[in-house]
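Trainee: Position one of the sequence shown corresponds to residue 86 (this note's numbering), numbered consecutively onward.
Even for Gly, the Cβ is constructed at its ideal location relative to N, Cα and C.
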Amino acid sequence: MTGRRVHRSFRLRPDTSERLAHRAAETGETYTALAERFIDEGLRRLDHPAIDFVDEPAGRRASLVGTGLGVWEVVEVLRAHDGDASAAAAYLEIPVGTVEAAEAYRAAHPAEIERWIERNRAVAARARGIPGTAGRPG
86 MTGRRVHRSF RLRPDTSERL AHRAAETGET YTALAERFID EGLRRLDHPA IDFVDEPAGR
146 RASLVGTGLG VWEVVEVLRA HDGDASAAAA YLEIPVGTVE AAEAYRAAHP AEIERWIERN
206 RAVAARARGI PGTAGRPG
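(1) Let's see if you can read the secondary structure: which residues bound the alpha helix (DSSP H) around GLY127?
(2) Classify ALA147 as buried or exposed, calling it buried when 16 or more other Cβ atoms lie within 10 Å of its own Cβ.
(3) Which residues bound the alpha helix (DSSP H) around LEU154?
(4) Compare the Cα-Cα distances from GLY119 to each of LEU131, GLU103, ASP132 and report the closest residue.
(5) Check the DSSP bridge columns for GLY144 and list the partner residues they point to.
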């Protein structure tokens, strides 16, 4: 999320501050940006306990704990099954509650999930135009 920022001051233990600085250097993020991401993701995890966040070549995405699936992937399957969570769960071989958790996260963060869906569709469209990629999943 972008926009106006609010200034807050936090006191951190020295070891926490050092670990944060080290991780920021590893990821190329600023200290503040990384701290903000950790706070935001921590709050999202509290609101959505079945959700975790993973780094991928295409970026950091919300995923469903224990499945390896991105929220966007489950949402796409749910849509393909006309919103039938039981059918989507059966297709994915995951519990219905996991599908419902993905949909709850999407409802809370629709723009984020729609960006992932659109990104995947764009990659799939490009792949269809590349010789030698026919038949590969997109």
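Mentor: In short:
(1) Counting along the chain, the alpha helix (DSSP H) containing GLY127 begins and ends at 116-132.
(2) Buried, since its Cβ has 16 or more Cβ neighbours within 10 Å.
(3) Careful: LEU154 lies outside any alpha helix (DSSP H) and carries neither H nor E.
(4) Contrary to the premise, residue 119 reads as Leu rather than Gly in this sequence. Residue GLU103 is the option with its Cα nearest to LEU119.
(5) For GLY144, which the question treats as bridged, DSSP gives the partners GLU141.
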